[in-house]
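Residue numbers (this note's numbering), protein chains in the order written: chain A, 465 to 758; chain B, 176 to 491.
In structure tokens form, the structure reads like this:
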């Protein structure tokens, strides 16, 4: 009797043998805009990181006899005001935007998760201090805060990643704090406490894995925000410095030539738009797949 | 209720003090702050020492902070490094221009997003709703500065309809129609992300109210659909809009900094960007603290407004 129930159980579980990851992947694919966005992102990353190995021109190679030339067989998308190959610069510029977005968000996630976890788990004075600090940072518009930070240093790739990362962790911290408040008195936490697990272990081995979904969803959206921030700063001349290409600073140069060569100003912005929209849609897909409330 | 108001007031004051500490601490404690800039210049050593003493850079950081806050409370934001003018008067000169731009785009955002949000909530999951939702995704993802350049290409370069930069045409005096012509593109650009955000919000808020029992009751007793939408649903759905208005203010300010730079609009945002460029710390600090104070004030006002509109908050 017992054996038959076990056997039938085994059969049913085999029929819908769906690991949590399976369910997640299925739902992710089913939300079409999110799935197509993922494909677009993969293509963009491949183009930016592997594409340049197949290029004929380096992004900073000047061709002074061939300035502002339109698209041709030699220069797929033409050349810019210094005779540099626009296609090559777009790929190299893409490296900057795509990597800055990811690293900045990794930094935000680290700081936000740590502070949110500590604040939510320990509560009391710790919570009060951390949350007041978070609120104060949130009261300063993020872009102004970035201007303050960047006026202190001469910008470089690492400093921009740090600056963006360290000024946009606040939403993550609030999110994680909320999740920790939700779980800290639950039975599984009590159980771990009763067998003598350390605070550190309870926080990061038991509670954090429960609260990781909303962080993942928020991070995907944050990558888009970080890319916009980086390109805005680079456009204003406070971010990535020429001659190194970035989608933002390519527009600075192109703006001076909109009267004669408007297309130069179209490409980089269009790529930013596509990338950021893709991250947003992908985030939306993750939201449905991970079942996170808005 | 009085306790709630007092509590919120104290909270806001604490927040403001924290903001000043953060901004001051960032600039004065970080390597590359004012002291480093002073050491950077190629002036004779004696003159640098005199300047440092004048600016109080020789004193301990906490003393410098207290002096700065004291001056701040009297409305003295110090002198700009670049042209030695009082920071406050520079800001005061630029602020109205930012207000014109931000105000216009804010009104524009509300005028466009509220009807659009209602429209797509009424037709949830229809083709029209999907288009609106896709457009708001684009609106949130579009880089403001690029959108500005695209508009310049279309309306200034190709069509010659609108001026590409500035607030007034030089040598033509400052007339209102001229201002309006210069205002159109920057206002649209600045409004775009807010329109996208508000539209999503209005739609979600409408849909939530529509699922409530009293709406079903209204429908079942045979009220016309338009009456339900505008009298029963919209009025309640608009309450949370107060919050989003407060929360979106920092976004508008940040957007203004970039938009003003694209269109050469002589506002406060562009002043902040230029100051960050030339490491003019008193200007950067002044603008940041003033805007943060403004944000805190707006948040306070929205919370209090909420209390007046929604009795549930009062009772909590």
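Note that beta-carbon positions come from the ideal geometry of N, C-alpha and C, so glycine has one too.
Sheet register partners of residue i (DSSP bridge)
{"i": "residue 543/A", "result": "549/A"}
Any non-hydrogen atom of the ligand PLP closer than 8 Å to residue i Cβ
{"i": "residue 469/B", "result": "The ligand PLP is absent from the structure shown, which contains no ligand whatsoever."}
Whether residue i touches residue j by CB criterion (9 Å)
{"i": "residue 370/B", "j": "residue 314/B", "result": "yes"}
{"i": "residue 573/A", "j": "residue 671/A", "result": "no"}
{"i": "residue 490/A", "j": "residue 717/A", "result": "no"}
{"i": "residue 377/B", "j": "residue 296/B", "result": "yes"}
{"i": "residue 569/A", "j": "residue 629/A", "result": "yes"}
{"i": "residue 277/B", "j": "residue 484/B", "result": "no"}
{"i": "residue 509/B", "j": "residue 458/B", "result": "What is shown of chain B runs 176 to 491, which leaves residue 509/B out entirely."}
{"i": "residue 437/B", "j": "residue 412/B", "result": "no"}
{"i": "residue 512/A", "j": "residue 555/A", "result": "yes"}
{"i": "residue 467/B", "j": "residue 702/A", "result": "no"}
{"i": "residue 679/A", "j": "residue 639/A", "result": "yes"}
{"i": "residue 495/A", "j": "residue 725/A", "result": "no"}
{"i": "residue 238/B", "j": "residue 195/B", "result": "no"}
{"i": "residue 443/B", "j": "residue 269/B", "result": "yes"}
{"i": "residue 475/B", "j": "residue 184/B", "result": "yes"}
{"i": "residue 687/A", "j": "residue 607/A", "result": "no"}
{"i": "residue 404/B", "j": "residue 293/B", "result": "yes"}
{"i": "residue 616/A", "j": "residue 631/A", "result": "no"}
{"i": "residue 677/A", "j": "residue 755/A", "result": "yes"}
Nearest-angstrom Cα separation, counted from residue j out to residue i
{"i": "residue 741/A", "j": "residue 309/B", "result": "10 Å"}
{"i": "residue 191/B", "j": "residue 246/B", "result": "15 Å"}
{"i": "residue 372/B", "j": "residue 311/B", "result": "7 Å"}
{"i": "residue 274/B", "j": "residue 446/B", "result": "14 Å"}
{"i": "residue 461/B", "j": "residue 752/A", "result": "43 Å"}
{"i": "residue 319/B", "j": "residue 205/B", "result": "30 Å"}
{"i": "residue 342/B", "j": "residue 601/A", "result": "33 Å"}
{"i": "residue 454/B", "j": "residue 544/A", "result": "30 Å"}
{"i": "residue 231/B", "j": "residue 199/B", "result": "14 Å"}
{"i": "residue 708/A", "j": "residue 696/A", "result": "16 Å"}
{"i": "residue 251/B", "j": "residue 262/B", "result": "8 Å"}
{"i": "residue 396/B", "j": "residue 316/B", "result": "43 Å"}
{"i": "residue 604/A", "j": "residue 463/B", "result": "7 Å"}
{"i": "residue 233/B", "j": "residue 224/B", "result": "9 Å"}
{"i": "residue 282/B", "j": "residue 571/A", "result": "36 Å"}
{"i": "residue 331/B", "j": "residue 698/A", "result": "24 Å"}
{"i": "residue 739/A", "j": "residue 514/A", "result": "17 Å"}
{"i": "residue 368/B", "j": "residue 721/A", "result": "26 Å"}
{"i": "residue 625/A", "j": "residue 567/A", "result": "6 Å"}
{"i": "residue 284/B", "j": "residue 362/B", "result": "10 Å"}
{"i": "residue 289/B", "j": "residue 622/A", "result": "41 Å"}
Collapsed DSSP secondary structure at residue i in the structure displayed
{"i": "residue 497/A", "result": "helix"}
{"i": "residue 261/B", "result": "strand"}
{"i": "residue 254/B", "result": "strand"}
{"i": "residue 755/A", "result": "coil"}
{"i": "residue 388/B", "result": "helix"}
{"i": "residue 570/A", "result": "helix"}
{"i": "residue 709/A", "result": "coil"}
{"i": "residue 345/B", "result": "coil"}
{"i": "residue 454/B", "result": "coil"}
{"i": "residue 633/A", "result": "coil"}
{"i": "residue 518/A", "result": "helix"}
{"i": "residue 560/A", "result": "helix"}
{"i": "residue 245/B", "result": "helix"}
{"i": "residue 646/A", "result": "helix"}
{"i": "residue 399/B", "result": "coil"}
{"i": "residue 168/B", "result": "Within the shown structure, residues of chain B are numbered from 176 to 491, placing residue 168/B beyond reach of any answer."}
{"i": "residue 651/A", "result": "helix"}
{"i": "residue 439/B", "result": "coil"}
{"i": "residue 379/B", "result": "helix"}
{"i": "residue 404/B", "result": "helix"}
{"i": "residue 694/A", "result": "helix"}
{"i": "residue 239/B", "result": "helix"}
{"i": "residue 206/B", "result": "coil"}
Residues in the region 711-726 of chain A having any Cβ partner in chain B nearer than 7 Å: 715, 719, 722, 723, 726
Chain A contacts from the region 416-442 of chain B (Cβ-Cβ distance under 7 Å): 425, 428, 429, 432, 433, 436
Residues from the region 448-479 of chain B in contact with chain A, defined by Cβ distance under 9 Å: Against chain A - using a Cβ distance shorter than 9 Å - the residues of the region 448-479 of chain B are 448, 450, 451, 452, 453, 454, 455, 456, 459, 460, 462, 463, 464, 466, 467, 468, 470, 471, 474.
Contacting positions in the region 188-205 of chain B - beta carbon closer than 7 Å to chain A: 189, 190, 193, 194, 197, 198, 201, 202, 205
Contact residues within the region 235-268 of chain B, judged by C-beta distance below 9 Å to chain A: Under the 9 Å Cβ criterion, the region 235-268 of chain B contributes no residue.
Chain B contacts from the region 673-703 of chain A (Cβ-Cβ distance under 8 Å): Flagged, chain order: 688, 692, 695, 696, 699, 700, 701, 702.
Members of the region 303-319 of chain B near chain A, C-beta cut-off 9 Å: 309, 312, 313, 315, 316, 317, 318, 319
Short-range partners of chain A found in the region 327-341 of chain B, where Cβ spacing is below 7 Å: Across the region 327-341 of chain B, CB contacts with chain A closer than 7 Å involve 327, 328, 332, in sequence order along the chain.
Interface positions of the region 580-603 of chain A facing chain B (Cβ-Cβ less than 7 Å), listed along the chain: 596, 597, 599, 600, 601, 603
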